[in-house]
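Input: a single structure, listed below in structure tokens.
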Amino acid sequence: MLPVRRPPRVLPLVLLLLGALLAGCGPLPAGGAGATGTAERDVRRAVADWSRTVPGALAGIPLTDWAYEVSSVRRDGDRARAAARLRYRLEGYDTAPEEAAREVELVRDGGSWRVEADRPAAGAPPLLWDQGPVSVATGTHSLVLGGAGQSAGTLRGIAAEADRAVPAASAAWPGPWAGRVVVLVPGSLDAMARLLGRPADTYRGLGAVTTGRVGPGPAPADRVVVNPEGYAGLGAEGRRIILTHEVTHVATRAATSATTPLWLSEGFADWAAYRGAAAPAQAAPALARAVRRGELPGELPRTEDFAFGGDPDAAARAYEGAWLACRLIAAKWGEKALVDLYGRAGREPLETALRETLGVDRAGLTKAWQESLREELR
5 MLPVRRPPRV LPLVLLLLGA LLAGCGPLPA GGAGATGTAE RDVRRAVADW SRTVPGALAG
65 IPLTDWAYEV SSVRRDGDRA RAAARLRYRL EGYDTAPEEA AREVELVRDG GSWRVEADRP
125 AAGAPPLLWD QGPVSVATGT HSLVLGGAGQ SAGTLRGIAA EADRAVPAAS AAWPGPWAGR
185 VVVLVPGSLD AMARLLGRPA DTYRGLGAVT TGRVGPGPAP ADRVVVNPEG YAGLGAEGRR
245 IILTHEVTHV ATRAATSATT PLWLSEGFAD WAAYRGAAAP AQAAPALARA VRRGELPGEL
305 PRTEDFAFGG DPDAAARAYE GAWLACRLIA AKWGEKALVD LYGRAGREPL ETALRETLGV
365 DRAGLTKAWQ ESLREELR
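The sequence shown begins at 5 in our numbering and counts up one residue at a time.
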């Protein structure tokens with residue numbers, strides 16, 4: 005929304021200028037401006053010296069390029085707070101540094117500054133280790149970091165499942181990707197919600213989600229974040245499907261952009277997870293019930309149809325419909341055509357991508373999809 009233009013207000017500007025002039029005539033802080041600048045430099049140097057070593061509590065995590073960059077310092081006598089950005093990489097997994105906004109608290113001790121506390125900046129989500137001790141499980145293709153309270157056995161089980169998910173995602177997506185995944189397992193649903201900066205109800209009932217920036221170019225590895233409550237309630241097949249789905253999002257990240265339709269990105273991830281192992285009526289129960297009631301969808305799922313927190317049955321129909329659309333494309337036009345469509349849809353308009361890969365427009369694909377729903381879900 006454009007800002008509303010208002011008439012100029014002269015008086016506040018005059019007062020502001022007057023205040024600046026008066027401020028210039030006021031007394032300097034104790035020790036003078038030079039002393040203030042020296043103290044700030046000392047605070048910055050103290051943070052830099054302190055941050056050269058990864059905290060001992062995180063020694064089991066393969067962290068590298070660990071550094072704090074201070075942007076501002078606020079002093080109050082013998083105490084100071086530094087606003088900073090933490091940059092780090094998980095060695096072997098991140099191709100570029102991950103970043104986090106932090107606030108570092110220092111105290112002057114014997115003429116020098118000492119770091120006393122390090123916490124998330126106001127409004128910034130915490131890191132996993134802000135929530136307590138972190139445990140580590142390493143798989144062949146996976147690194148699993150568990151939050152406070154997670155058992156070693158649970159983390160090893162998730163690492164083993166992630167190791168199975170990586171080859172499955174690679175088989176579905178032949179495009180280039182790292183072939184490895186980082187999985188975070190917070191201590192609880194509430195801890196997960198705090199990590200992601202969203203209400204807990206957003207993730208209630210979900211097994212896992214994937215975070216990360218989409219698009220080409222160097223970027224930190226995506227994180228698959230497991231909801232420990234939702235994941236624990238799944239059987240072996242459900243866990244396999246959930247992790248393969250999320251790992252497929254990691255595999256396709258570089259080919260995904262803002263132009264990629266959500267039905268294609270979610271449907272492709274489900275297609276990779278269910279590939280060759282699910283009957284439509286069993287794996288799409290919500291959509292099957294709707295079709296049998298005569299409620300055939302009039303269009304491919306829209307972005308808003310995937311929203312959680314509303315009607316769970318509607319969200320389930322969106323995911324199921326997206327999966328069946330990708331399943332249809334792979335069966336009718338071929339798996340290579342589905343992969344090519346995904347790649348093109350991240351670079352050009354969907355209509356262009358459809359014509360170039362399938363030889364149909366959106367209406368033609370929708371009609372073929374509707375016909376397949378009638379046939380497979382009746």
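C-beta: ideal position from N, C-alpha, C; glycine also.
Could you check if residue i is buried or exposed, using at least 16 other CB atoms within 10 Å of its CB as the buried criterion?
i             : result
proline 232   : buried
aspartate 53  : exposed
arginine 348  : buried
glutamine 286 : exposed
aspartate 226 : buried
proline 284   : buried
arginine 378  : exposed
serine 269    : buried
arginine 217  : exposed
alanine 334   : buried
alanine 258   : buried
threonine 144 : exposed
threonine 57  : exposed
glycine 60    : exposed
alanine 294   : buried
proline 3     : Since the first and last residues shown for the chain are 5 and 382, residue 3 lies out of range.
aspartate 98  : buried
glutamate 324 : buried
alanine 27    : Reliability fails at alanine 27, whose pLDDT of 32 lies under 50, so the model's placement of it is uncertain and the value that follows must be treated cautiously. The residue is exposed, with fewer than 16 neighbouring Cβ atoms inside 10 Å.
aspartate 315 : exposed
arginine 321  : buried
glutamate 375 : exposed
threonine 256 : buried
lysine 263    : According to the sequence displayed, residue 263 carries threonine and not lysine. By the 10 Å Cβ count, threonine 263 comes out exposed.
arginine 306  : exposed
glutamate 165 : buried
aspartate 69  : exposed
threonine 4   : Residue 4 lies beyond the residue range present for the chain, which begins at 5 and ends at 382; the question has no answer from this structure.
aspartate 82  : exposed
serine 55     : buried
arginine 45   : exposed
alanine 273   : buried
alanine 311   : exposed
glycine 302   : exposed
glycine 41    : exposed
aspartate 317 : exposed
alanine 176   : buried
glycine 271   : buried
Using 8 Å for Cβ pairs, my map puts residue i next to residue j. What's the rounded Cβ distance?
i             : j              : result
valine 185    : valine 254     : 5 Å
glycine 151   : alanine 195    : 6 Å
glycine 102   : arginine 93    : It should be pointed out that residue 102 corresponds to glutamate in this sequence rather than to glycine. Indeed they touch by this definition, with Cβ atoms about 7 Å apart.
leucine 304   : leucine 381    : Their Cβ separation, rounded to whole angstroms, is 15 Å, which puts leucine 304 and leucine 381 out of contact at 8 Å.
alanine 86    : valine 51      : 5 Å
serine 146    : aspartate 167  : 6 Å
alanine 84    : valine 74      : That belief does not hold up - the Cβ atoms of alanine 84 and valine 74 are roughly 10 Å apart, past 8 Å.
alanine 141   : alanine 163    : 4 Å
valine 229    : alanine 169    : Actually they do not touch by this definition, with Cβ atoms about 15 Å apart.
glycine 211   : glycine 191    : Actually they do not touch by this definition, with Cβ atoms about 16 Å apart.
valine 62     : tryptophan 133 : Correcting the residue identity first, residue 62 is leucine in this sequence and not valine. With 8 Å as the limit, leucine 62 and tryptophan 133 qualify as a contact, their Cβ atoms being about 6 Å apart.
valine 77     : arginine 48    : 7 Å
threonine 248 : alanine 173    : 6 Å
arginine 106  : proline 130    : In fact, because the Cβ distance is near 10 Å, the residues do not count as touching under 8 Å.
To which residues does DSSP link residue i through a beta bridge?
i             : result
threonine 215 : Arg227
valine 148    : Ala141 and Val187
With a threshold of 6 Å, establish whether the CB of residue i neighbours any heavy atom of the ligand NAD.
i           : result
arginine 85 : Here there are no bound small molecules, and the ligand NAD is not part of this structure.
(request) Tell me, please, whether the stretch 329-345 touches the stretch 362-370 by the rule of three or more beta-carbon pairs shorter than 8 Å. (result) yes
(request) Evaluate contact between the stretch 274-283 and the stretch 193-208, counting only Cβ atoms and requiring at least three cross-stretch pairs below 8 Å. (result) no
(request) Please list the segments of the alpha helix (DSSP H) lying wholly inside the stretch 59-145, counting only runs of 4 or more residues, in order along the chain. (result) none
(request) Scan the stretch 156-206 and note each continuous beta strand (DSSP E) run of 3 residues or more that stays entirely inside, going in chain order. (result) 185-189
(message) Using 8 Å as the cut-off, can you tell me whether the stretch 348-363 makes contact with the stretch 238-249, which would need three or more C-beta pairs spanning the two stretches below that distance?
(response) no
(request) Counting only runs of 4+ residues fully inside the stretch 346-375, write out the alpha helix (DSSP H) ranges in chain order. (result) 354-361
(request) Can you check the stretch 273-298 for any alpha helix (DSSP H) of at least 4 residues that lies completely inside it and give the ranges in chain order? (result) 284-287 and 289-296
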